[in-house]
Every structure is written in structure tokens, then in C-alpha cells.
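First comes the structure, then the notes that go with it.
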Amino acid sequence: MRNIFLFIWKNYFFFLFLALQIFCFVLIINNNRFQKAAFLNSTNDFFRNIIQKVDNVYAYFSLADVNKKLAEENALLRSKTLEAYNIYGVKSFIINDTVYKHSFRYIDAKVINNSVNRRKNYITLNKGSRSGIRKDMGVIDSDGVVGIITDVSPNFAVAISVLNIDTKISTKFKNNNHMGSLSWKGTNYRTAKLEDIPLHVVFNLGDTIITSGYSSIFPEGVMVGCVKEFSYDPSESFYNIDVELSVDFNKLSYVYVVDNLMKTEKLLLENQNQNQN
Amino acid sequence: MIIIRHIIRFIILIALQVFILNKVQFSGYINPYLYILFIILLPFETPKWLLLILGFLLGLTVDFFVQTPGMHASASLFMAFIRPFVIASVSSKREYEQGIQPVIQDLGLNWFLTYASILTVAHHTLLFLIEAFHFNEFFITIGRVLISSIFTLLLIVITQYLFYKPKRNIVTGKI
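So the sequences go chain by chain: C and A. When you line the first sequence up against this note's numbering, it's residues 516 to 792, in that order. When you line the second sequence up against this note's numbering, it's residues 60 to 234, in that order.
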């Protein structure tokens, strides 16, 4: 016994270190739940990890086979889901506007493909010519103007989005009826430019911009957006106006396709008039 | 007088560590731990038991601030424990002269860098291993140890040059 004390006394430096280090580890283990759990597993984990690493290397050799199997299984499962079937129920309703003698038919549709990050964005809808959708119909949703139908197949329709550098929409100010055309410049998907507003027009930030109804694609008065910023160059005769779009194209899901029932009659008359001149 | 200087250094280093260096996130990998400079700069004549106690207290104080009981204490205790062995193995001609301090100005950059880097790497290795507490991400941990050690050493050398004036008379030089 005396020899043990002597031994400890001689090597007090080491034993003091040991005692303090043990104290430290007691503190660590008692005060940290994560380390507490890890401490119990760590010895096993070390070996388990080596085995698993070796196993992981072997797994690479069979990756091609596994991938192929998974792809086949995915295709099988996908063809069994509800989305694989098209629903043909057509809900449409007619608005008879007795003042303007225009009648519009609205066809509801679901957006099944959409993008906002390209310069030319298109929207695909889950209804086509069978549901009465034709080329050059307008697309709107509860917030405002979405786009114009460009291509139609029996079950699908593709619309050119407002977020497309080729789109031009005839719009006007809600409060003073000054007309301008709205186009998107391909940068921020929340803002578009309003052009052709001459410098004498008086308007304010936040003024509402609606469709003009002159193009016979959209009914008059559909919300487009509001003025976010404007500036002008004295050497030019038009304002440079940024419009914040009312539709958030990033979360588009259900839309209405607008069918202008008077469109043919109107176009026919207009053409006739032109031919006469 | 010397003791008071060491106490002040203790307080300043911990404050610097806890209130500045721990708040600055250089990136996920880089955490310099400058507070270990206190142990590096303790005089050669410090009794061994005092060395251990001081290392333990230093780490424990940091632990109380960082809310990681035992982690820093264990690492800096280990560092204090190996310090005498490191000093013995990194030999220098002037090592045992009276009044010599373990600083760049007394023993040269070469000696100091070797001495400080061994202690820093030892401290950081233990600290990061305890922090990770398993060997799963062993190489990531080693990477963190190396990068953080380099930054700690850089800070240590910078503070050395900032706070110690070169001395003409080495023999009578005091901290």
C-alpha cells in the first residue's frame, strides 16, 4: 500500500492529469446527450464503419442494374397513378354582358407545366380542343392575365405566358383609360414593362393596370398589375414604367380560358371594313 | 508583478476568444482558438502541477462561456500535460538560461513555431475529436484540425509581434 502511494507521489504529474482528465470526461458525458449516446456506440461504430465502407465500394459495381430496375419500376408505378388518366369533365359557363353585347365563355383548366426562369416561357394546360379550347383564346386566373393560347391538341393546350419576351398585351390605366402595351423583358418574373404611355399622362405609383379589351382576346377590365416604378427621359416622349404583375407565375395552378363568342363576328366586320377601304 | 501580468493575460485572452473569435464565423471549418496562447506563454519555471491546474481552469472557463462542459477543459488540460515533454524535445541552446520566456523575441521564430505548432495541433486534435465524438468523419475532422491550427498559429504569431518589443538584453529580459 505504501509503495502504491509512493508510486503515485512520484508520478503525481501523470496522475493529476489523469484525475482531471477523468473529471473532464465525466462532465462531457453527463452534460451532452449527443455525446452520451455516441459514447455507448462509438466502439462498435468504428468497426461497423470500416465494413460499411468496403460494402459501399462493392455496391458501385451493381449500380447500373439497380438503376435499370428502379427505372422500370418507376414507369410501371407512374402509369398506375391518377395523373396518368385524363379527366374529361368540362365545366364551362357563359356570361351575357348586356351592356357591351359581348359574351364570354370561361373554361376551367389546370396548369400541368409552367416555367418562369426562361426568356420564352410557355404554359401547358390539361384541356384542349375537345373541351372547346382554340388558338388565340386568352388565359386568366383569379388574380389576372396569364397568357394566350398558341397551340391546341385534342387533350392539351399550350399558352404563351405573359412572361415571354414575344408577348404583348393591350392594357390601359383603370382610372384614366390611357392605353399602352405591356411586355416582359426577360429578367424579373414579378415585373413587366408598360410602353407607349405618353409624357402628358398623369398617374401615380400603385395605379392599377387592366386589359383594354380592344384585342378581343381578353374581356375588358381584367387585372394585369400595378405601377411599381416609373421614370422618364426628357428626350423621349414615353414613360418607362415598371409594372408589378398581379399574378404570381411561380405558383400558377388553376386557370380559366376565355372564349370570346363575338370574336368572329367582330373580326369579320373589321376585315370587311378594311377591304372596303 | 509577473503573476498579475499572467492573470490579466488570462482574462484578456478568454474575453478575446469568447466575445470576438467565437462570434466570427470565417466559414464552417475555421475556428481559431487563440486562448491557448496563455499556456504557451507560461514561464518555463512554472511548477508542473500548477501547469495542469491552470490548463484545466483555462479550458473550464472557456467551457462555461461556450456551454460545452469539459470539452475545452479536456483539450487544454492535455495540452498543458504535454507541454513539458514538448519543451524537452524541442531543444534550444538558451532554453535553461534564467529569465528566458517562451516567446519569439527570446528564442527565435523557428523554436517558437515548432513549440507552438505541436501544442496547437495537439489541443485542436483533441478538441475536434471530442466535439465530433466518433471516427465516422475522421478525415473531415482532421481537415478542420489542420485549417484551424494554421489560423490559430497565425494569430499567435501576430500577437507576439504586436505585443512584444524586440529586446537587446536577453538575459535580463522579463515579460
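Idealized CB from N, CA, C, for every residue including glycine.
| Where the beta strand (DSSP E) containing Ile95 of chain A begins and where it ends | First-last for Ile95 of chain A: undefined, no H or E at that position.
| request: Would you identify the three-state DSSP class for Leu678 of chain C, choosing helix, strand or coil? | output: strand
| said: 8 angstroms is my cut-off, CB to CB: does Ile543 of chain C come that close to chain A? | reply: yes
| field | Near the ligand ZN: Gly728 of chain C beta-carbon under 7 angstroms from a heavy atom | value | Ligands are entirely absent from the displayed structure, and the ligand ZN is therefore not among its contents.
| Beta-carbon gap between Gly643 of chain C and Val654 of chain C smaller than 8 angstroms | no
| Is Asn793 of chain C helix, strand or coil when you go by DSSP? | Residue 793 of chain C is absent from the model: chain C starts at 516 and stops at 792.
| query | So Gly114 of chain A is in the alpha helix (DSSP H); what residue range does that whole segment cover? | reply | 107–125
| What do you get for Lys687 of chain C, buried or exposed, if any count of 16 or more other CB atoms within 10 angstroms of its CB means buried? | buried
| field | For Leu235 of chain A, the nearest candidate out of A:Arg68, A:Ser150, A:Val180 (CA to CA) | value | With chain A represented from 60 up to 234, any question about residue 235 of chain A goes unanswered, as that position is not in the structure.
| said: When you compare the CB positions of Leu119 of chain A and Ala132 of chain A, do they come within less than 8 angstroms of one another, or not? | reply: Yes, the Cβ-Cβ distance between Leu119 of chain A and Ala132 of chain A is below 8 angstroms.
| task | May I ask you to list, following chain order, the residues of the region 110–131 of chain A that have a beta carbon less than 7 angstroms from some beta carbon of chain C? | result | Those residues of the region 110–131 of chain A placed with their C-beta closer than 7 angstroms to a C-beta in chain C are Leu111, Phe115, Pro128, Gly129, Met130, ordered along the chain.
| How many angstroms separate the CA atom of Val762 of chain C from the CA atom of Ile627 of chain C? | 17 angstroms
| Name the chain C residues whose beta carbon is nearer than 8 angstroms to that of Leu136 of chain A? | Phe532, Leu535, Gln536, Cys539
| What are the start and end residues of the beta strand (DSSP E) that includes Asn636 of chain C? | 635–640
| Host beta strand (DSSP E) of Ser467 of chain C (start-end) | Nothing about residue 467 of chain C can be reported from this structure: the residues present for chain C run from 516 to 792 only.
| field | Three or more C-beta pairs below 8 angstroms linking the region 668–675 of chain C and the region 707–721 of chain C | value | no
| said: Determine, for Leu221 of chain A, whether the minimum Cβ-Cβ distance to residues of chain C falls below 8 angstroms. | reply: By this cut-off, Leu221 of chain A is not an interface position.
| What span of residues does the beta strand (DSSP E) with Phe745 of chain C cover, start to end? | 738–747
| request: Taking only beta carbons into account, state which residues of the region 713–732 of chain C come closer than 8 angstroms to chain A, listed in chain order. | output: From the region 713–732 of chain C, no residue has a Cβ closer than 8 angstroms to chain A.
| Buried or exposed by the 16-neighbour rule on C-beta atoms within 10 Å, applied to Pro106 of chain A | Taking a 10 Å sphere around the C-beta of Pro106 of chain A, we find fewer than 16 other C-beta atoms and assign the residue as exposed.
| request: Scan the region 162–190 of chain A for residues whose Cβ lies nearer than 8 angstroms to a Cβ of chain C and list them as they occur along the chain. | output: Ile189
| query | In chain order, what residues of the same chain have a beta carbon less than 8 angstroms from the beta carbon of Val125 of chain A, not counting five sequence neighbours either side? | reply | Val77, Asn81, His131
| field | Residue range of the alpha helix (DSSP H) that includes Leu221 of chain A | value | 197–222
| task | Mind listing the chain A neighbours of Phe509 of chain C? Cutoff is C-beta to C-beta under 7 angstroms, in chain order. | result | No answer is possible for residue 509 of chain C: it lies beyond the span of chain C, which begins at 516 and ends at 792.
| query | Span of the alpha helix (DSSP H) holding Ile177 of chain A? | reply | 163–191
| request: Just mark Ala134 of chain A as buried or exposed, buried being the case when its beta carbon has 16 or more other beta carbons within 10 Å. | output: buried
| message | Does Glu785 of chain C come out as helix, strand or coil in the three-state DSSP assignment? | response | helix
| For the beta strand (DSSP E) that contains Phe688 of chain C, what are its first and last residues? | 684–688
| Inter-residue spacing [alpha-carbon to alpha-carbon] between Ala534 of chain C and Leu578 of chain C | 52 angstroms
| field | Cβ shell of Phe764 of chain C (< 8 angstroms), same chain only, five flanking positions each side left out | value | Closer than 8 angstroms at Cβ, skipping near neighbours: Asn629, Val631, Asn636, Val661, Ser676, Val677, Leu678, Tyr704.
| task | Would you please verify whether the beta carbon of Phe140 of chain A is less than 8 angstroms from any beta carbon of chain C? | result | yes
| said: Let me check understanding here. Comparing Cα to Cα, which of C:Ile543, C:Val717, C:Ser768 lies closest to Leu188 of chain A? | reply: C:Ile543
| request: Check the Cβ-Cβ distances between Ser148 of chain A and every residue of chain C, and say whether any is below 8 angstroms. | output: no
| Nearest neighbour of Val742 of chain C, chosen from C:Pro669, C:Gly695, C:Asn788, C:Tyr769 [CA to CA] | It is C:Gly695 whose Cα lies nearest to the Cα of Val742 of chain C.
| For Lys689 of chain C versus Ile732 of chain C, is the C-beta distance shorter than 8 angstroms? | no
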